[in-house]
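Below is one structure, written out as structure tokens, with a few remarks after it.
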Amino acid sequence: MSSPLVTTKWLQENLDNERLVLIDASMTTVIGKEPIVYDTPVWIPGSRQIDLEGTLCDTGSSQLHAFPTEEQVTEEARRLGITPESLVVLYDNQGIYSAPRAWWILRAMGVKDVFVLNGGLPQWLAERRDVVSATVANAATPGSVVANLDHSRVRDSAYVLQHLEDDRVTVIDARSRARFLAQAPEPRPGVRGGHIPNSHNLPFTEVLAGYRFKPVSELEATFIKLAPTLQSGNRHQLVFSCGSGITACIILLAAELAGYDQLSLYDGSWADWGSDESLPVA
Numbered sequence: 001m002s003s004p005l006v007t008t009k010w011l012q013e014n015l016d017n018e019r020l021v022l023i024d025a026s027m028t029t030v031i032g033k034e035p036i037v038y039d040t041p042v043w044i045p046g047s048r049q050i051d052l053e054g055t056l057c058d059t060g061s062s063q064l065h066a067f068p069t070e071e072q073v074t075e076e077a078r079r080l081g082i083t084p085e086s087l088v089v090l091y092d093n094q095g096i097y098s099a100p101r102a103w104w105i106l107r108a109m110g111v112k113d114v115f116v117l118n119g120g121l122p123q124w125l126a127e128r129r130d131v132v133s134a135t136v137a138n139a140a141t142p143g144s145v146v147a148n149l150d151h152s153r154v155r156d157s158a159y160v161l162q163h164l165e166d167d168r169v170t171v172i173d174a175r176s177r178a179r180f181l182a183q184a185p186e187p188r189p190g191v192r193g194g195h196i197p198n199s200h201n202l203p204f205t206e207v208l209a210g211y212r213f214k215p216v217s218e219l220e221a222t223f224i225k226l227a228p229t230l231q232s233g234n235r236h237q238l239v240f241s242c243g244s245g246i247t248a249c250i251i252l253l254a255a256e257l258a259g260y261d262q263l264s265l266y267d268g269s270w271a272d273w274g275s276d277e278s279l280p281v282a
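The opening position of the sequence shown corresponds to residue 1 in UniProt numbering, with each subsequent residue numbered one higher.
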């Protein structure tokens with residue numbers, strides 16, 4: 001499959017595929033949108049769960065939602081039963097919210113066949129497809145994937161600072177425009193308002209239509225307007241930021257859908273940059 005997305009129809013037809021590893025990557029904390037609240041939790045049949053706010057955070061880092069270590073991802077892949085032959089499909093209970101974060105973690109760690117369910121659980125429910133009231137525990141057969149981080153896919157503040165004036169690097173911020181312009185307070189204490197100098201604003205909600213991503217043609221038009229000098233497939237680096245590295249992955253995935261391939265995540269994002277008084281703010 002060439003797209004990083006799968007449809008609900010495809011997933012329905014592949015629920016019994018022995019290669020499928022279906023993972024719920026929902027988070028309890030939802031920022032930047034009105035959260036969908038469920039009276040009774042439900043899951044797509046065969047789902048396993050990962051914890052992006054705990055198990056897949058590097059607790060040895062001072063950063064909020066720090067990218068996990070290779071050891072953490074290897075352990076989770078083993079628990080989930082992920083092998084080099086697996087088709088890993090991720091979804092969340094908000095439509096498109098935290099699943100792209102899990103997708104980028106696995107991609108950056110070398111898992112090749114990993115996809116996001118377009119529309120997630122809300123789209124699945126809207127189509128009245130079957131759900132269950134419990135998830136699957138650990139895989140019957142442990143996985144064999146060994147994580148190997150591609151460091152070009154995850155950037156830090158030093159890299160961003162070094163390339164503030166570099167025409168070959170563009171930083172795109174997924175926060176709301178009010179937060180980007182310091183017209184609304186940051187949700188985390190001790191974090192300044194504003195944005196990284198020379199960065200561009202693309203609120204993550206603007207790449208979505210309902211529960212799903214907008215059509216590729218609309219995403220292409222969005223990124224061309226945002227950075228008109230860029231052409232998909234060139235060596236220009238797009239670095240994605242947000243509040244703490246979660247919703248940045250939504251617009252990063254949107255950029256891949258639009259044809260861009262030199263993509264990386266500023267994992268510390270604004271929680272890191274805005275709390276460091278030594279770094280410039282616009």
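Virtual Cβ for every residue (Gly too), placed ideally from N, Cα, C.
Taking buried to mean at least 16 other C-beta atoms within 10 Å of its own C-beta, is residue i buried or exposed?
| i | result |
| --- | --- |
| Ala258 | buried |
| Gln183 | exposed |
| Gly245 | buried |
| Arg179 | buried |
| Asn93 | buried |
| Gly268 | buried |
| Ala248 | buried |
State yes or no: is the C-beta of residue i within less than 8 Å of the C-beta of residue j?
| i | j | result |
| --- | --- | --- |
| Ile96 | Gly243 | no |
| Thr69 | Asp58 | yes |
| residue 330 | Thr7 | The structure shown does not extend to residue 330, since the chain spans only 1 to 282, so no value can be given for it. |
| Ser278 | Ser241 | no |
| Val116 | Ala139 | no |
Between which residues of its own chain and residue i is the CB-CB distance below 7 Å, once the five residues before and five after are set aside?
| i | result |
| --- | --- |
| Leu238 | Thr170, Ile172, Ala255, Tyr260, Gln262 and Leu263 |
| Val207 | Phe213, Lys214, Leu219, Thr222, Ile250, Ile251 and Ala254 |
| Asp272 | Gln63 and Ser157 |
| Glu76 | Ile50, Thr55 and Leu56 |
Measure the alpha-carbon distance for residue i versus residue j and round it to whole angstroms.
| i | j | result |
| --- | --- | --- |
| Met1 | Ala147 | 22 Å |
| Gly46 | Leu265 | 30 Å |
| Gly60 | Glu53 | 14 Å |
| Arg48 | Trp124 | 16 Å |
| Lys112 | Met27 | 23 Å |
| Gly120 | Asp276 | 35 Å |
| Ile82 | Arg128 | 29 Å |
| Val136 | Leu20 | 13 Å |
| Phe67 | Lys225 | 30 Å |
| Tyr38 | His195 | 34 Å |
| Ser3 | Glu85 | 17 Å |
| residue 311 | Tyr159 | It is not possible to answer for residue 311, since the shown part of the chain is limited to 1 through 282. |
Within the same chain, show all residues whose beta-carbon is closer than 6 Å to that of residue i, passing over the 5 residues directly before and after it, in chain order.
| i | result |
| --- | --- |
| Asp150 | Ala108 |
| Arg192 | Gly274 and Val281 |
| Arg188 | Ala271 |
| Glu18 | none |
| Leu5 | Val116 and Asn118 |
Along the chain, where does the beta strand (DSSP E) that runs through residue i open and close?
| i | result |
| --- | --- |
| Asp173 | Val169 to Asp173 |
| Tyr91 | Leu87 to Tyr91 |
| Tyr266 | Leu263 to Tyr266 |
| Val114 | Val114 to Leu117 |
| Val21 | Leu20 to Asp24 |
Provide the residue span of the alpha helix (DSSP H) that contains residue i, from first to last.
| i | result |
| --- | --- |
| Gln237 | Taken as a continuous stretch (DSSP letters only), Gln237 belongs to no alpha helix (DSSP H), being part of the beta strand (DSSP E) at Gln237 to Ser241. |
| Ile250 | Ala248 to Leu257 |
| Phe223 | Val216 to Leu226 |
| Asp272 | Ser269 to Trp273 |
Using C-beta distances below 8 Å, list every residue in its chain close to residue i, excluding the 5 sequence neighbours before and after it, in chain order.
| i | result |
| --- | --- |
| Val42 | Leu121, Leu125, Val131, Val132 and Ser133 |
| Pro197 | Leu164, Pro280, Val281 and Ala282 |
| Arg153 | Trp104, Arg107, Ala108, Leu263, Ser264 and Leu265 |
| Ile23 | Ser47, Arg48, Gln49, Ile50, Leu80, Val88, Val89, Leu90, Tyr91 and Ala102 |
| Arg78 | Pro142, Gly143, Ser144 and Val145 |
Consider the C-beta atom of residue i and the heavy atoms of the ligand COA; say whether any pair is separated by less than 7 Å.
| i | result |
| --- | --- |
| Arg128 | This structure does not include the ligand COA; it has no bound ligands of any sort. |
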